[in-house]
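Throughout the sequence shown, residue numbering follows UniProt numbering, covering 1 to 264 in sequence. Note that beta-carbon positions come from the ideal geometry of N, C-alpha and C, so glycine has one too. Note that the coordinates shown come from a computational prediction; the quantities given were computed from them, not determined experimentally. One structure is given here, and the rest of the page talks about it.
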Amino acid sequence: MQARSALFDLYGDYLRARGSRAPVAALVRLLAPLDIAAPAVRTAVSRMVRQGWLHPLRLASGPGYLLTPKAARRLDEAAARVYRTGRGGWDGRFDMILLHEPLRRQDALRLTYLGYGPLSDQVWVAPKASEEVEAALKDVDHARFSATHTSGSDIVGRAWDLSRIGQSYEEFVGSLHPVVKAITPRSTDEEAYAARFRLVHAWRSFLFQDPQLPAALLPPGWPGVKAALFFDKHATRLRPAADRHVERCLQSATRGARVGFSDA
1 MQARSALFDL
11 YGDYLRARGS
21 RAPVAALVRL
31 LAPLDIAAPA
41 VRTAVSRMVR
51 QGWLHPLRLA
61 SGPGYLLTPK
71 AARRLDEAAA
81 RVYRTGRGGW
91 DGRFDMILLH
101 EPLRRQDALR
111 LTYLGYGPLS
121 DQVWVAPKAS
131 EEVEAALKDV
141 DHARFSATHT
151 SGSDIVGRAW
161 DLSRIGQSYE
171 EFVGSLHPVV
181 KAITPRSTDE
191 EAYAARFRLV
201 HAWRSFLFQD
211 PQLPAALLPP
221 GWPGVKAALF
231 FDKHATRLRP
241 AADRHVERCL
251 QSATRGARVG
261 FSDA
């Protein structure tokens, strides 16, 4: 797990609801159970500041970092997809993008993240229009259409490799099952936090794989359904202990700063 992606997960899953800020001492403590060393955390934080994701500020507990508005919007959107809130049905139409020039890799990744798949190098589709497409393609010459198709499954089969995505879901359950099952009522809050963090981190990877197709376009027995139930069950079960660990780390960083200040 890389420090930068772990920081995005930490802010999105825990710190967004706690003022979107934290002292650097707490960030270091919170990533330590994931085997991420302090120098890696500080390097990743500096990089995220340069990229416009974090803003440095002085907290009562010492130097800290606040999410920028851009980062807050991105994490809120990701959270809605991770926890599948606000999902509606499907009106039978595809959002289609016709490109007049080749996509750069970063633009292709962004379209994939937004739920689009390629029918060819010049045509991308999604079962639901994203409001972020125009911003993502602001420097790309393109046209956009809303279209229906007599057989949506044909479009899906060409734009996405559902076999590969389904296999990834099965591997997710297989690899994370022993991690979360190891957490029992006798486990510490820190152990529960680390297990839940790994669970959510692995689940977030599907934001770049699964376009979250409506049920009408999915094959029978879709592995994503079982994987979602598994994720929901254990993410919910481990949440209270994980929250206690986060609060303890934040309070510890604050107390440590106050002690240091009084000693000075």
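So residue i is in the beta strand (DSSP E); what residue range does that whole segment cover?
i	result
residue 162	First-last for residue 162: 162-181, but that is the alpha helix (DSSP H), not the beta strand (DSSP E).
residue 141	Here residue 141 belongs to no beta strand (DSSP E), and DSSP marks it neither H nor E.
residue 16	No beta strand (DSSP E) contains residue 16, which DSSP labels as neither H nor E.
residue 99	93-99
residue 110	Element bounds for residue 110: not the beta strand (DSSP E) but the alpha helix (DSSP H), 105-113.
residue 21	21-23
Specify, as a first and last residue, the run of the alpha helix (DSSP H) that residue i falls within.
i	result
residue 45	38-50
residue 65	No alpha helix (DSSP H) holds residue 65; the beta strand (DSSP E) holding it covers 62-67.
residue 55	It is not in any alpha helix (DSSP H) - residue 55 instead sits in the beta strand (DSSP E) that spans 54-59.
residue 8	3-10
residue 126	Taken as a continuous stretch (DSSP letters only), residue 126 belongs to no alpha helix (DSSP H), being part of the beta strand (DSSP E) at 123-126.
residue 198	189-204
residue 135	133-136
With distance defined between alpha-carbon atoms, name the residue in the options nearest to residue i.
i	options	result
residue 119	212, 46, 154 and 110	154
residue 145	250, 251, 94 and 216	94
residue 46	24, 30, 62 and 35	24
residue 108	81, 121 and 100	121
residue 209	225, 232, 162 and 222	162
residue 123	83, 48, 101 and 242	101
residue 189	173, 242, 158 and 203	242
residue 139	27, 233 and 103	103
residue 215	225, 83 and 61	225
residue 116	141, 187 and 207	207
residue 129	97, 156 and 142	97
residue 134	231, 99 and 244	99
residue 49	178, 64 and 232	64
residue 176	51, 232, 72 and 37	232
residue 158	62, 235 and 217	217
residue 174	9, 36, 223 and 68	223
residue 236	183, 248 and 221	183
residue 185	68, 249 and 240	240
residue 170	131, 230 and 132	230
residue 249	8, 15 and 9	15
residue 246	213, 221 and 191	191
residue 251	221, 62 and 36	62
residue 132	73, 213 and 68	73
residue 160	136, 213 and 84	213
residue 36	17, 10 and 51	10
residue 187	69, 42 and 244	244
Can the beta-carbon of residue i be found less than 8 Å from the beta-carbon of residue j?
i	j	result
residue 148	residue 92	yes
residue 75	residue 12	yes
residue 126	residue 219	no
residue 201	residue 6	yes
residue 105	residue 66	no
residue 34	residue 1	yes
residue 253	residue 44	no
residue 238	residue 180	yes
residue 204	residue 82	yes
residue 38	residue 53	no
residue 199	residue 142	no
How many whole angstroms separate the CB atoms of residue i and residue j, which I take to be in contact at a CB cut-off of 8 Å?
i	j	result
residue 40	residue 3	4 Å
residue 228	residue 172	In fact, because the Cβ distance is near 10 Å, the residues do not count as touching under 8 Å.
Subject >> Inter-stretch contact at 8 Å, needing at least 3 Cβ pairs: the segment 162-172 / the segment 182-195 >> reply: The segment 162-172 is not in contact with the segment 182-195.
**OP:** Determine contact between the segment 107-118 and the segment 50-64, defined as no fewer than three beta-carbon pairs at a distance below 8 Å.
**Re:** The segment 107-118 vs the segment 50-64: no contact.
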